[in-house]
Structures are given as structure tokens and as C-alpha cells.
Amino acid sequence: MELRKNDVVELEITGMTAEGSGVGRVEGLAVFVPAAAPGDRLRVRIVKRAKQYAFGRLEEILSPSPDRIAPACPAFPQCGGCRYCHLRYEAELRIKEERVRDALERIGGLRDIPLRPILAAPSPERYRNKAQYPVGLDASGAPALGFYAVHSHRVVPCGDCRLQPPEFSALAQAFRAWLAESGESVYDERTGKGRVRHFYLRKAAATGEVLACVVVNGNGLHGEDVLLRRLRAAAPRLTGLLVNSNRADTNVVLGEKTRLVWGKPELTDVLCGLRFQISPHSFYQVNHSQAERLYQKAGEYAGARAGLLLDLYCGTGTIGLTLAGRAERLIGVEIVPQAVADARENARRNGICNAEFRCMDAAEAAAAFRREGLRPEVVLLDPPRKGCGEALADTVAQMAPDRVVYVSCDPATLARDLAHFAARGYALREATPVDMFPRTQHVETVVLLSKGEIDSKKVRVEFSLEGMDMSGFQKGTTYEQIKAYVLKHTGLKVSSLYISQVKRKCGLDVGQNYNLSK
């Protein structure tokens, strides 16, 4: 039969899409069904028919999957935040791990993939340290806070989101009650009129501090003192209230201008032993415990010690700064000026003196470093969802790092980029998925690439300085010249660390070098 819109069919779910929908087939035609589970047998209504596929809506569960559970959130599946809260967490982890493996095989063309088991979160609930509640109106015209429905800007009210800490729900309820009584208008995206746009919350997992920010289409709010009292009563650990002005016709939540109403404009958190100041504009991982595990895995892949570690797409420097102790020199690159300023301040606050941060495009910076003759032992890549692309992969390969550590938030673009690196001699040594965002369809992956064997034998060379004439040694030779000379004449690679250790052993200042001929 020819499948048409509004047809009702029976369907067995055999797989999941990258967006978190179930997949079944009717006479060979793929049908995508939200809120389905692998192993379900369903009655499905076709809501859209394309030439090669169709979309369906779950009408009835005929036989549930053994992995299906009752969702704890009443807003599921209307809310677009979660896709997997109807699955056992073990099944969700299996789906995400298979998604990474499938992308690496199908898109990257890789075989015999050294994929480690996915790093599961300690808990799939209450892990988020940031919430951006859009403000809208419910069916009765009363103010509503919640999250957007899938593929829309329709606000789905959510009384207690299971991904957020309890303080966020208490603050959201207090804010909604104040808004209903204050007389403030709600922003309407269609007309650009109305005042209140978003209610923005952040929490520091290590210190417990909470920061609240109201985003308005204007400069302020009526009754800010009343709002403050209600918020402080709802969350005793509240340390600051801000008002952000965003008058633009945009999907971006925050505007550029922020005013402090009360308390502190920032939170203090501790991540991997380092202290970070977090403002509403700061980039910061939303899952504290999993961020530490991801950074630890990246550090493991980076190795014990490096001369130069190049951190591209460094953001506010969090991941690079946690690895700064493993390198003699850290250079971070980020195109967002405010993020670079935050990274420099984070380095200063933590007393990290071997780090520098440059405001540049990642590809342009890598090309400039190559022209300068810089050779990093380790390159760390943490690009946005679109990946780093072939041009940057080519430039990084030309710098000939010993290791490339790639942190990805999209398995498809990761697989594409790994194929680019493989064509330039950099093989996949190991990959580890990390579940940073339980109950959502997203999965992070940390990958180690290298050219040749990374566990190659090291050669120890000992010599005596007795009887050596050191009077002819001169200043001026760079570490890169020494490395090139040793490689040319011995075939051995030496790091900047080893050179400085030898110099100290010889009683030379680390700023001085042997004459090249010596």
C-alpha cells in the first residue's frame, strides 16, 4: 500500500535517530516516531509523508519495550528538553554509545574502532547548573515559565524540571507568582512588545551559590525590591540578582548590558581543583561532575608532560587551564573577546603563569603558529557542533604534534573530521563517549589521535661533562633549533622539558643555549 498522511499503521521500533526518535519500517519506508523505545510495538498515525521517509505520532503502545519506563516528568514529551526520560538509563547509555560507533564507522569509514565504554553520569537527574526559562502566557493568559516545545517557541509550563536542582524550581515558582502580581507585561516575539523575556539561573556545584538574572525588553522592572525578597525567601543561597537588557529581535537570550540589583554579579565554583568566576555571560559546562570526568580523560589522552600545549576553541580556558600543569607553555585560542578576557582572568585567579590566550579564529591562529615554526607536542580541539573542518585538520597535521586530543559534541562532525586527520596520517588511538547530558539526545566524545605509535620506546642517553671544553658555548640558539639538530643528527625527538632539565643539570640558565655546533 502507499502510505499517506493520517494513515494508522502498526510499527516495530528497531533503532533510534540522532535526534532521539524511534525508527521503524513499513514496507521498507522508514517512519520516525518521537517518544518511542527500541523494541516497542506501536500503533502510529502518519503526520507527514516524504518521498523516502515519514513522520509518525504514537497513538497506542501495543507491546512495550523492556527498556521502557514511566516518565517522571509530566511535561514529557511536549517539552523539547528531554528525549529519553521514558527509557531506563542503561538503555539510554547503550543508544548513545552505539550512536558514536555508528557515526565513526559509517561517516568516518573507520574499522576496528578502539571505543571505550561510555562514562555514565552519577545520576541522570538534577545535574544541570544552568537554566534559561522562557516566559510566555498559558491558555488562560496568565504568565507561564517552562521550556520550548520541540521545533517551536511555544512555552511548555514545567513546575519541576527533573534535570534542574530543587532551588531552580523554587525560584521559578517565586518569580512566576511575582510576575502575575507585578503588572509587568510578557514579551511577545511576534510583535516585539512586552517586557519580561527570560528568567535565567546559575548554580555553583562546589559552593552552592545561586545567581538569578531577569532578561527584559527594556532597562528594568517595577517592584525589583519585592522580587528580591521573594527570591531570597525561596532560595537562601541566592547570592546575586541581575537585570539584563535585550531589546533585539533575536533568539539569543542575553543582551550585552547587565545591571546588578543586589549581591554579587558572579558565582565562584571549583572545577578540577581550580576556582572559576561564573557570570551570566560565561561559558561553563552545565554538568559539573561529568565535566571533571571529561577533563580528566582529556588530560589522560594529552599525556604526562608536553613542552607546548595548543588549546584551540578554548572558550573561557577551563579545559586548558586544568591541563596547564602538564605543559611548559599553554596557548589558548578563542574568537569571542569576552571569553578570552575571562580565560585570562581565570588564569590570574589560579596563579597559572605559563598560560596565554589569544583572540583569534582557530584556523587562522593555527596557520599563523605554523608559519612561526611553533611545534606543539599536544593540540587540544574542542570545536562547536559544526566541527573543525578539513582546512584546520590540514594545518594541525602540518604542525606535526605528537598527540591530538579532540573533544566533540557531535558524533557526525567528529567522524568527518577524523577521516580528514586519517588522510594526513593521524590515526584514531582511542575514543571515549561521555554522557554529559542525561535524558537528552546529546553525547560528548573524547578522542586521542597520533601519528605512529604513541607508546614508542624512549631512549635514555647518559654522558659525562668531565674534560669537555665549555668556553665556546654561546647564547642565542632556540629550543626549536636544538630539537631540529638532535633529530637530524641522531634521529631522536627531545622535548623542551628534557632540554631544560639537561641545561639545569649542567648549571646553565634555562634562558641560555649551547652553541649549535656544540
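Numbering (my numbering) for the sequence shown: 137 to 654. Don't be surprised by glycine CBs; every beta carbon is placed ideally from N, CA and C.
Alpha-carbon spacing of residue i relative to residue j, whole angstroms
i           : j           : result
residue 144 : residue 181 : 4 Å
residue 352 : residue 273 : 16 Å
residue 415 : residue 583 : 30 Å
residue 158 : residue 204 : 12 Å
residue 593 : residue 152 : With a pLDDT of 43 at residue 593, under the threshold of 50, the predicted position of this residue should be treated as unreliable, and no value is reported.
residue 313 : residue 218 : 26 Å
residue 229 : residue 174 : 13 Å
residue 615 : residue 508 : 14 Å
residue 659 : residue 521 : This structure does not reach residue 659, given that the chain is present from 137 up to 654, and the question cannot be answered.
residue 155 : residue 169 : 11 Å
residue 359 : residue 318 : 7 Å
residue 323 : residue 388 : 14 Å
residue 458 : residue 435 : 8 Å
residue 515 : residue 541 : 6 Å
residue 512 : residue 298 : 43 Å
residue 451 : residue 183 : 41 Å
residue 141 : residue 185 : 6 Å
residue 187 : residue 162 : 13 Å
residue 258 : residue 427 : 12 Å
residue 234 : residue 227 : 11 Å
residue 473 : residue 494 : 9 Å
residue 189 : residue 579 : 25 Å
residue 199 : residue 254 : 29 Å
residue 345 : residue 420 : 15 Å
residue 537 : residue 558 : 14 Å
residue 201 : residue 172 : 9 Å
residue 315 : residue 475 : 33 Å
residue 361 : residue 337 : 18 Å
residue 104 : residue 586 : This structure gives no information on residue 104, because the portion of the chain shown stretches from 137 to 654.
residue 599 : residue 552 : Note on residue 599: pLDDT 48, under 50, position unreliable in the model; the coordinate value appears next. Taking the straight line from one Cα to the other gives about 48 Å.
residue 660 : residue 310 : Residue 660 is absent from the structure shown; the chain starts at 137 and stops at 654.
residue 403 : residue 526 : 38 Å
residue 620 : residue 466 : 21 Å
residue 277 : residue 293 : 13 Å
residue 635 : residue 588 : 23 Å
Residue i, enclosing alpha helix (DSSP H) - first and last residue
i           : result
residue 286 : Residue 286 -> no alpha helix (DSSP H), and no H or E assigned at all.
residue 482 : 473-485
residue 445 : Note, residue 445: premise wrong, no alpha helix (DSSP H); beta strand (DSSP E) at 442-448.
residue 316 : 302-318
residue 532 : 525-534
residue 425 : 424-438
residue 366 : 360-370
residue 500 : 498-508
residue 455 : 454-458
residue 557 : 547-558
Supposed close pair residue i, residue j - CB separation, criterion 8 Å
i           : j           : result
residue 462 : residue 445 : 7 Å
residue 225 : residue 574 : 7 Å
residue 498 : residue 449 : 5 Å
residue 207 : residue 221 : 5 Å
residue 399 : residue 377 : 6 Å
residue 443 : residue 470 : That belief does not hold up - the Cβ atoms of residue 443 and residue 470 are roughly 22 Å apart, past 8 Å.
residue 232 : residue 571 : 6 Å
residue 581 : residue 550 : 6 Å
residue 146 : residue 177 : 7 Å
residue 343 : residue 405 : 6 Å
residue 367 : residue 307 : 6 Å
residue 543 : residue 517 : 7 Å
residue 301 : residue 339 : 6 Å
residue 333 : residue 321 : That belief does not hold up - the Cβ atoms of residue 333 and residue 321 are roughly 11 Å apart, past 8 Å.
residue 504 : residue 468 : Not a contact, Cβ separation roughly 14 Å.
Limits of the unbroken beta strand (DSSP E) element including residue i
i           : result
residue 259 : It is not in any beta strand (DSSP E) - residue 259 carries neither H nor E in the DSSP assignment.
residue 196 : 189-199
residue 334 : 332-339
residue 463 : 463-470
residue 322 : That residue, residue 322, is in no beta strand (DSSP E); it is neither H nor E in DSSP.
residue 564 : 563-570
residue 140 : Note, residue 140: premise wrong, no beta strand (DSSP E); not H, not E.
residue 580 : 580-586
residue 376 : 374-381
Near the ligand PLP: residue i beta-carbon under 7 Å from a heavy atom
i           : result
residue 453 : Absent from the structure shown: the ligand PLP. Ligands present: none.
Q) Is it a yes or a no for the stretch 566-573 touching the stretch 244-254, going by three-plus beta-carbon pairs under 8 Å? A) Verdict: yes, contact present.
Q) Counting Cβ pairs closer than 8 Å, one from the stretch 376-383 and one from the stretch 340-356, do we hit at least three? A) Yes, since at least three Cβ pairs between the stretch 376-383 and the stretch 340-356 fall closer than 8 Å, the two stretches touch.
**Q.** Ordered list of beta strand (DSSP E) runs contained in the stretch 206-273, each at least 3 residues
**A.** Counting only runs of 3 or more, we get 266-273.
(Q) Check whether the stretch 254-263 and the stretch 281-290 are in contact - that is, three or more C-beta pairs closer than 8 Å. (A) They do not touch, by the three-pair rule.
**Q.** Complete beta strand (DSSP E) runs within the stretch 387-421 (minimum length 3 residues, chain order)
**A.** The stretch 387-421 contains these whole beta strand (DSSP E) runs: 393-399, 403-407 and 410-414.
Q | At least three beta-carbon pairs within less than 8 Å, the stretch 524-532 to the stretch 196-215 | A | When Cβ pairs closer than 8 Å are counted between the two stretches, the stretch 524-532 is seen not to touch the stretch 196-215, the count staying below three.
Q: Evaluate the contact criterion for the stretch 480-488 versus the stretch 499-506: three or more CB pairs, one atom per stretch, below 8 Å.
A: Fewer than three beta-carbon pairs drawn from the stretch 480-488 and the stretch 499-506 are found closer than 8 Å, and the two stretches are therefore not classed as touching.
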